[in-house]
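The listed protein sequences derive, respectively, from chains A and B. Take 1 as the starting number for the first sequence in the UniProt record's numbering and just add one per residue. Take 1 as the starting number for the second sequence in the UniProt record's numbering and just add one per residue.
2 protein chains.
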Amino acid sequence: MVPRKRATIKEVAQATGLSPAAVSYALRGMQVSEETMERVKAAAAELGYEADPIARALASGRTGMIGVLCGSLEDLWQQSLAVGISRGLREKDRYALILDAVGDPARERALAQQLRDQRVDGLIVQPVDPAAEFWPDLCESLPVVSIGDSLAGTAAEVVFDNRRGVTLALEHLRSHGHTRIAVLTPTRASTPDRPADVHVIAEADRLGLDIDVVTALHELGAATEVARRLLGDERHSAVFCFSDTIAYGVYAAAAELGLSIPGDVSVMGYDDHPMSGLLTPGLTTVDWNIDGIVRAAVRLMAATADGATRRRRVVQQPTLRGRGSVAHPKNRP
Amino acid sequence: MVPRKRATIKEVAQATGLSPAAVSYALRGMQVSEETMERVKAAAAELGYEADPIARALASGRTGMIGVLCGSLEDLWQQSLAVGISRGLREKDRYALILDAVGDPARERALAQQLRDQRVDGLIVQPVDPAAEFWPDLCESLPVVSIGDSLAGTAAEVVFDNRRGVTLALEHLRSHGHTRIAVLTPTRASTPDRPADVHVIAEADRLGLDIDVVTALHELGAATEVARRLLGDERHSAVFCFSDTIAYGVYAAAAELGLSIPGDVSVMGYDDHPMSGLLTPGLTTVDWNIDGIVRAAVRLMAATADGATRRRRVVQQPTLRGRGSVAHPKNRP
DNA sequence: TATGGTGATGTCAACGTTTCCAGGCACCTG
DNA sequence: CAGGTGCCTGGAAACGTTGACATCACCATA
Chain A
1 MVPRKRATIK
11 EVAQATGLSP
21 AAVSYALRGM
31 QVSEETMERV
41 KAAAAELGYE
51 ADPIARALAS
61 GRTGMIGVLC
71 GSLEDLWQQS
81 LAVGISRGLR
91 EKDRYALILD
101 AVGDPARERA
111 LAQQLRDQRV
121 DGLIVQPVDP
131 AAEFWPDLCE
141 SLPVVSIGDS
151 LAGTAAEVVF
161 DNRRGVTLAL
171 EHLRSHGHTR
181 IAVLTPTRAS
191 TPDRPADVHV
201 IAEADRLGLD
211 IDVVTALHEL
221 GAATEVARRL
231 LGDERHSAVF
241 CFSDTIAYGV
251 YAAAAELGLS
261 IPGDVSVMGY
271 DDHPMSGLLT
281 PGLTTVDWNI
291 DGIVRAAVRL
301 MAATADGATR
311 RRRVVQQPTL
321 RGRGSVAHPK
331 NRP
Chain B
1 MVPRKRATIK
11 EVAQATGLSP
21 AAVSYALRGM
31 QVSEETMERV
41 KAAAAELGYE
51 ADPIARALAS
61 GRTGMIGVLC
71 GSLEDLWQQS
81 LAVGISRGLR
91 EKDRYALILD
101 AVGDPARERA
111 LAQQLRDQRV
121 DGLIVQPVDP
131 AAEFWPDLCE
141 SLPVVSIGDS
151 LAGTAAEVVF
161 DNRRGVTLAL
171 EHLRSHGHTR
181 IAVLTPTRAS
191 TPDRPADVHV
201 IAEADRLGLD
211 IDVVTALHEL
221 GAATEVARRL
231 LGDERHSAVF
241 CFSDTIAYGV
251 YAAAAELGLS
261 IPGDVSVMGY
271 DDHPMSGLLT
281 PGLTTVDWNI
291 DGIVRAAVRL
301 MAATADGATR
311 RRRVVQQPTL
321 RGRGSVAHPK
331 NRP
């Protein structure tokens with residue numbers, strides 16, 4: 001319980017006969033002679049001195065922490081994303097403060113502001129509501145990297161070419177003869193016209209598909225519930241899910257109802273989570289290359305935090321990952 | 001980029017005609033009159049004042065952050081655990097700093113100490129090497145809650161009754177006629193005799209089983225690699241994995257090799273991750289009740305941080321979750 | 001020999017709270 | 001009415017570092 005009295009910079013200063021400031025500079029390799037630096041480092045090691053991050057943060061205004069605000073961490077793919085980002089940030093000597101908006105725009109807003117108040121050096125966010133009115137302000141007050149959709153503010157961004165992803169998925173389904181398709185997309189109460197949904201409708205129109213857009217959370221239990229109702233009335237020959245996690249829910253519901261995939265219904269996901277290849281049948285999905293996203297996000301954050309002022313943007317391209325969950329519908333061979 | 005000049009406590013003091021100290025007290029509801037408190041709160045709201053967490057941390061010595069050090073975040077179950085703990089902590093107005101030891105004792109040690117230097121108020125850890133010699137010191141210097149195994153130091157703990165879990169699994173396998181069993185357990189270089197492994201050997205002995213203990217990381221790719229070699233020589237009729245993630249690797253390897261589960265080989269997991277019920281066949285596993293663990297850990301941390309000095313201990317009991325991945329071996333009906 | 005420049009080091013005031021301590025005021029009691 | 005006794009309140013000292021600025025010595029150049 002005793003918080004082990006740590007050596008302070010003053011003690012190191014005393015030990016070396018220098019001023020605290022000189023020690024501070026020496027330890028950070030700034031404007032001191034080679035020789036002094038050696039002496040200071042030796043003394044610091046001797047005393048087991050380690051700068052106090054809190055005091056440092058107060059004086060310098062930098063905390064070394066980056067907020068990572070996820071849309072909904074129930075989503076297995078977003079979990080992987082968060083873990084990857086945390087690891088990437090750690091390699092750059094920064095800590096990730098991972099938070100979960102649980103798919104709720106209000107919560108997202110609250111958490112984003114808490115993170116700012118917490119004085120994080122930057123924010124990596126996968127926005128629930130990219131059009132929310134608080135983003136511009138937030139982007140003004142700290143470096144922000146947005147993942148997924150373009151943010152209202154001037155953030156650096158790793159955006160997904162959702163138009164392309166949707167096209168890939170819907171064309172794949174149509175090429176297998178599906179025309180009556182259910183689309184399971186996450187609830188975004190405040191943004192009825194988020195880009196991905198718009199693309200779905202446009203593409204469906206172009207391809208002459210008859211689609212129904214249904215709301216589902218990126219969460220296994222909730223998605224199963226929705227899918228259960230959806231599969232009950234056999235109006236669709238295929239289901240296109242806006243995350244692999246939602247697709248897993250469809251698998252669960254299909255199993256409950258004794259429906260075979262892809263015999264009775266075809267299923268497509270979106271993300272490509274490692275488990276998707278392990279299901280029976282394997283989940284056909286749109287692969288967004290999670291490693292690429294992680295690397296891009298971490299790199300953009302580093303660049304933005306280092307003052308690269310111009311807006312930066314990386315567009316992520318999808319790949320169709322064909323497995324076994326899509327086949328021609330029974331009734332129309 | 002402009003870090004939006006925030007109101008300080010001094011301005012609130014000026015606005016109310018009180019001293020900064022009085023404002024500080026009022027805002028935290030200590031030793032001030034009802035009336036003053038109202039006035040201060042009104043003024044604070046008016047000015048949009050919010051105490052700076054950094055300055056507060058420097059003065060008070062408390063940061064509001066709890067370190068969460070996971071054994072290996074590649075493990076999907078541990079991901080869920082971390083997400084759950086983070087959420088639980090947030091409800092108690094604390095931030096979780098989630099870090100990943102990647103199954104490496106040296107890394108665990110380094111990260112634990114970084115976390116202490118980072119001045120977290122407490123540490124929740126799922127130890128890779130619970131016997132490491134640095135734990136006692138660490139437990140002295142801050143509140144620690146250990147999950148899984150008993151720590152060398154005096155930490156509060158949520159321990160798993162691994163003896164029981166192992167018994168459950170091995171008896172289940174034996175009751176289905178398996179006697180030649182491979183056990184896949186995570187690498188723990190420095191702790192060849194960790195409790196769970198000890199129990200495996202003791203129980204196998206008691207039940208007259210012929211087991212081989214094989215090392216595998218809690219990571220899908222690595223586990224698949226190990227399982228591929230293991231299943232190649234058909235020496236075992238069943239595989240018992242020390243995490244569901246490892247079991248997923250066995251599923252992947254079996255699929256590659258064209259082996260059927262449970263026809264050619266039976267598989268058991270340990271944890272019960274949500275995906276386990278979705279595989280074909282469903283993974284028979286030992287359920288550790290992740291929600292219970294999360295709640296216990298968060299509660300213990302709160303209690304320990306609030307100065308409950310006596311060592312506290314919660315023992316978690318497992319449940320067998322029978323699905324379809326265990327059957328009688330072909331050769332011995 | 002003066003002059004200017006450069007690089008190394010020292011000084012000192014922030015940074016924004018919390019917390020200890022002493023003092024003041026009002027009210028109550030004897 | 002004096003003497004306590006509790007609340008409140010204000011002053012001021014931490015907390016440990018950084019960073020702007022001053023200083024100083026030394027060297028090269030004019």
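Glycine included, each C-beta is placed from N, C-alpha and C at the ideal position. Quick caveat, the model's predicted, so the values are computed rather than measured.
According to DSSP, alanine 101 of chain A shares a beta bridge with no other residue.
Think of a sphere of 7 Å around the beta carbon of leucine 97 of chain B: the chain A residues whose beta carbon falls inside it are Tyr95, Leu97, in chain order. In the DSSP assignment, serine 266 of chain B is bridged to B:Ala238. Around the beta carbon of glycine 208 of chain A, a 10 Å sphere encloses fewer than 16 other beta carbons of the protein chains shown; the residue is thus reported as exposed. Only exposed fits methionine 30 of chain A, as fewer than 16 other CB atoms lie within 10 angstroms of its CB. Boundaries of the beta strand (DSSP E) around serine 146 of chain B: 144–148.
The bridge partners DSSP lists for glutamine 316 of chain B are B:Phe160.
Pairwise C-beta distances place the region 64–76 of chain B in contact with the region 96–108 of chain B, as three or more of them are shorter than 8 Å.
9 Å or more divides the Cβ of methionine 275 of chain A from the Cβ of valine 239 of chain A.
By the CB criterion at 9 Å, valine 144 of chain A and alanine 156 of chain A fall inside the cutoff. Pairing isoleucine 290 of chain A with glycine 88 of chain A, the inter-Cα distance amounts to about 13 Å.
One thing to note: proline 186 of chain A has its Cβ no nearer than 9 Å to the Cβ of leucine 142 of chain A. Note on glutamine 114 of chain B: 16 or more other CB atoms within 10 angstroms of its CB, so buried under the neighbour-count rule. Neighbourhood of leucine 278 of chain A in chain B, by CB distance below 7 Å: Tyr248, Tyr251, Ala252, Leu279, in chain order.
Residue-level contact check: alanine 255 of chain B touches chain A, since one or more beta carbons of chain A fall below 9 Å from its beta carbon.
The straight-line gap separating the alpha-carbon atoms of arginine 119 of chain B and serine 60 of chain B is approximately 12 Å.
The beta carbon of leucine 320 of chain B lies closer than 7 Å to those of Leu168, His172, Val286 in the same chain, with the five residues before and after it left out.
Your pair leucine 278 of chain A and tyrosine 251 of chain B checks out as a contact, with CB atoms roughly 5 Å apart and the cut at 8 Å.
The shortest C-alpha to C-alpha distance from aspartate 52 of chain A to any of A:Met37, A:Ala7, A:Arg28, A:Lys41 is the one to A:Ala7. Distance check between isoleucine 54 of chain B and each of A:Ala152, A:Glu46, A:Gly64 places A:Gly64 closest, using alpha-carbon atoms only. Residue-level contact check: leucine 220 of chain A touches chain B, since one or more beta carbons of chain B fall below 9 Å from its beta carbon. At the C-beta level, valine 12 of chain B and leucine 47 of chain B come within 9 Å of one another.
Excluding the 5 residues flanking it on each side, proline 20 of chain A has same chain C-beta neighbours closer than 7 Å at Ile9, Lys10, Ala13, in chain order.
Beta bridge pairing from DSSP links arginine 180 of chain A with A:Asp210. Shown here, alanine 131 of chain B sits in coil according to DSSP, grouped into three states, outside any helix or strand. Put simply, the CB of leucine 259 of chain A is far from chain B, with every gap to its CB atoms at 9 Å or more. Here the alpha carbon of valine 83 of chain A sits roughly 30 Å from the alpha carbon of valine 326 of chain A. Aspartate 287 of chain A: member of the beta strand (DSSP E) spanning 285–287, first to last residue.
The secondary-structure analysis by DSSP pairs valine 298 of chain B with nothing; it has no beta-bridge partner.
Chain A places no beta carbon closer than 9 Å to that of glutamate 133 of chain B, leaving this residue out of the contacts. For alanine 152 of chain B, same chain residues with a beta-carbon under 6 Å away, outside a window of 5 residues either side, are Ala131, Trp135, Pro136 in chain order. In this structure, valine 159 of chain B and valine 315 of chain B form a Cβ contact; the two beta carbons are roughly 6 Å apart against a cut-off of 8 Å. Neighbours of glutamine 79 of chain A in chain B, taken as residues whose beta carbon is under 7 Å from its own, are Gln79, Val83 in chain order. Taking all protein chains in view, the Cβ of alanine 202 of chain B is surrounded by fewer than 16 other Cβ atoms within 10 Å, so the residue is classified as exposed. Rounded to whole angstroms, the gap between the alpha carbons of arginine 235 of chain B and alanine 182 of chain B is 9 Å.
Along the region 197–219 of chain B, there is no position whose C-beta sits under 9 Å from a C-beta of chain A.
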